[in-house]
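Per numbering that gives the first Met the number 0, the very first residue in the sequence shown carries number 0; after that it's consecutive. For reference, the structure discussed in these notes is given below.
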Amino acid sequence: MKLDTLKHGFDPTSMPADSLADYWNPGVTEALRHQDWAKTDIRERIDLSAWQGFTADLPRDPYVNQRWKRMSWLALNDQGDVEDMGQCPMAQGGAFNDADSMADRLRYYDPLTSEFMARPDVKAFVRAWARLWNIGAREPILMQITGVRGEGSIDPLQGQGIHADGCKALSILVVNRENVAGAENHLYADKAGTQPLVDITLDPGDILHLNDDRIFHSVDGIEQLDSEAPFERFIIIINSRFVDDFQNRMLRRHFPEAVLNESH
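Next up, the structure:
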């Protein structure tokens, strides 16, 4: 289902805090309901070039080679404002992550910068995303800026293959894609990949929403288009309502008052 971008014609950095009702194309909700995924773009909603600037100082991922990353745990308060919850490790059980460097390990990362989180278009994005998924107050939201850069070729998933992220609500926003061949996203109805659903290449500003507990995804390897220049691809991953018991145990330990999607 193709979703056309809504054109709004205003400065996204000055968007009123309560202007969220029409943030998403109405087709997004319909597509998620009927096919468990939706692709649209938010280029009219954010200052993409400003967001791209925040990829320059990302720390190297200490667990994964050739990856850079920041992440923060966020939540809406009772007034609907975005707050930083504080430190909690990322924890993906082996049932959701096949990579030896990441599965069943506690991973700690530097938080998203205060300059990034203070931006009105960032706050509006988080609030609009929470509204799309009906995320309520004190439900932990994990937001990451992550990606790869370098020369030659690389597997951006670093061994994860076809996988799910261990949550119910997941969205992937491409922030930049420079000198890149490949990196096509694939969605499947099964983890073995025998039931392909769709192949999608995301450009900067495109966002892919997934019912992560119902479908699986992967992304192709990356190669340089021009061998004389390095490649670079960075994305924002935002997700919530975790079905991974390992992650929920860590969330409960670090945020005792949080509202979690616990199976028992």
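The C-beta atom is built at its ideal place from N, Cα and C for all residues, glycine as well. In this text the structure is predicted, and so the values were computed from the model without any measurement.
Measuring CA to CA, which of the options is closest to residue i?
| i | options | result |
| --- | --- | --- |
| Ile-144 | Ala-127, Pro-110, Gly-151 and Ala-129 | Pro-110 |
| Phe-254 | Gln-86, Phe-53 and Trp-132 | Gln-86 |
| Ala-228 | Arg-118, Val-179 and Leu-201 | Val-179 |
| Ile-140 | Ala-182, Leu-186 and Pro-88 | Pro-88 |
| Asp-219 | His-185, Arg-106, Glu-82 and Ile-41 | His-185 |
| Ala-30 | Asn-247, Met-249, Gln-246 and Leu-207 | Leu-207 |
| Lys-38 | Asp-244, Arg-104, Glu-150 and Ile-199 | Ile-199 |
Might you give, ordered along the chain, the residues of its own chain that have their beta carbon closer than 7 Å to the beta carbon of residue i, omitting 5 neighbours on each side?
| i | result |
| --- | --- |
| Arg-213 | Asp-35 |
| Asn-260 | Lys-167, Arg-240, Phe-241 and Val-242 |
| Ile-234 | Thr-145, Gly-146, Ile-171, Leu-172, Val-173 and Val-174 |
| Leu-224 | Asn-178, Val-179 and Ala-180 |
| Asn-76 | Glu-82 and Ala-136 |
When we look at the beta-carbon of residue i and count the other beta-carbons within 10 Å, is it buried (16 or more) or exposed?
| i | result |
| --- | --- |
| Glu-256 | exposed |
| Tyr-108 | buried |
| Asp-164 | buried |
| Ala-182 | buried |
| Asp-60 | buried |
If residue i sits next to residue j, beta carbons under 8 Å apart, how far is it from one beta carbon to the other, in whole angstroms?
| i | j | result |
| --- | --- | --- |
| Pro-58 | Trp-50 | 17 Å between Cβ atoms; not a contact. |
| Gln-78 | Ile-153 | No, Gln-78 and Ile-153 are not in contact; Cβ-Cβ is about 43 Å, not under 8 Å. |
| Leu-196 | Ala-188 | 6 Å |
| Ile-221 | Trp-128 | Their Cβ separation, rounded to whole angstroms, is 26 Å, which puts Ile-221 and Trp-128 out of contact at 8 Å. |
| Arg-44 | Phe-124 | 7 Å |
Only counting the same chain, and skipping five residues up and downstream in sequence, which positions put a Cβ closer than 6 Å to that of residue i?
| i | result |
| --- | --- |
| Arg-176 | Pro-203 and Arg-232 |
| Arg-42 | Gly-204 |
| Ala-90 | Leu-105, Phe-245, Gln-246 and Met-249 |
(request) Spell out a yes or no on whether the stretch 204-213 and the stretch 133-147 are touching, meaning 3 or more CB-CB pairs, one atom from each, closer than 8 Å. (result) When Cβ pairs closer than 8 Å are counted between the two stretches, the stretch 204-213 is seen not to touch the stretch 133-147, the count staying below three.
(message) For the stretch 52-72 against the stretch 21-30, do three or more pairs of beta-carbon atoms, one drawn from each stretch, fall closer than 8 Å, so that the two count as touching?
(response) no
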